[in-house]
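Here is the structure we will look at, set down as structure tokens.
Residue numbers (the UniProt record's numbering): 1 to 196.
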């Protein structure tokens, strides 16, 4: 076996060996080995990644061409805006609202002068104007002057039935009046547990 490494190099890999038995001759072996050269697996995986990325871009373009013909000319002028629009669509924002957010951010003008980060930031600000974000650490107490943005269902602190049992907890004691119960709702992987 050292002979194989001497001939093919120190990194040679022996794949298989087999003893050949022939009459009248001494023992002979068949050795299947390959020299190791440059690591082509990294090249193959990077090439695969590039091809996959390009394929996803093509699929995204086909989807956009089929679903947003009225805006596609403006999007084709600026790849940054096209990528932002595609990201909105990919993340479940409807075509209508994606257009509205981009228009309000001023990105669909003839020649937007902003850089990539500014375009993205303006679009995010427009989205934040539409979606009400509440401070998660603000205590939710009913205020007569300003009703809550979304009606909350309060669990009674005492009572009978399942709601009363939930309010008292496992130990059967009433919960503290300053205790706040928050419900975290979302799909897998959005950070519910991390938020806690």
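C-beta: ideal position from N, C-alpha, C; glycine also. Since the structure is predicted, the reported quantities are computational estimates derived from the model, not experimental observations.
Here the C-alpha atom of residue 190 lies approximately 10 Å from the C-alpha atom of residue 184. Judged by DSSP secondary structure, residue 84 falls within the alpha helix (DSSP H) whose first and last residues are 79–90. Here residue 84 has 102, 107, 119, 120 and 123 as same chain residues with Cβ atoms under 8 Å from its own Cβ, once five neighbours each way along the sequence are excluded.
Under the three-state reduction of DSSP, residue 193 is assigned to helix.
Residue 59 and residue 53 have their alpha carbons spaced roughly 10 Å apart. The three-state secondary structure of residue 22, taken from DSSP, is coil. Assigned with DSSP and collapsed to three states, residue 47 falls in helix.
Counting every other CB atom within 10 Å of its CB across the protein chains shown gives residue 78 a total of 16 or more, marking it as buried.
By the criterion of a C-beta distance shorter than 7 Å, residue 82 is surrounded in its chain by 75 and 76, once the five residues flanking it on both sides are discounted. Rounded to the nearest angstrom, the gap between the Cα atoms of residue 93 and residue 126 is 13 Å. Classified as exposed, residue 18 has fewer than 16 neighbouring CB atoms from the shown chains inside 10 Å of its CB.
From the listed residues 56, 49, 192 and 15, the smallest Cα separation to residue 90 is found for 56. At the C-beta level, residue 16 and residue 32 come within 8 Å of one another. Sequence-distant partners of residue 188 (beyond 5 residues in either direction) whose C-beta falls short of 8 Å from its own C-beta are missing from its chain.
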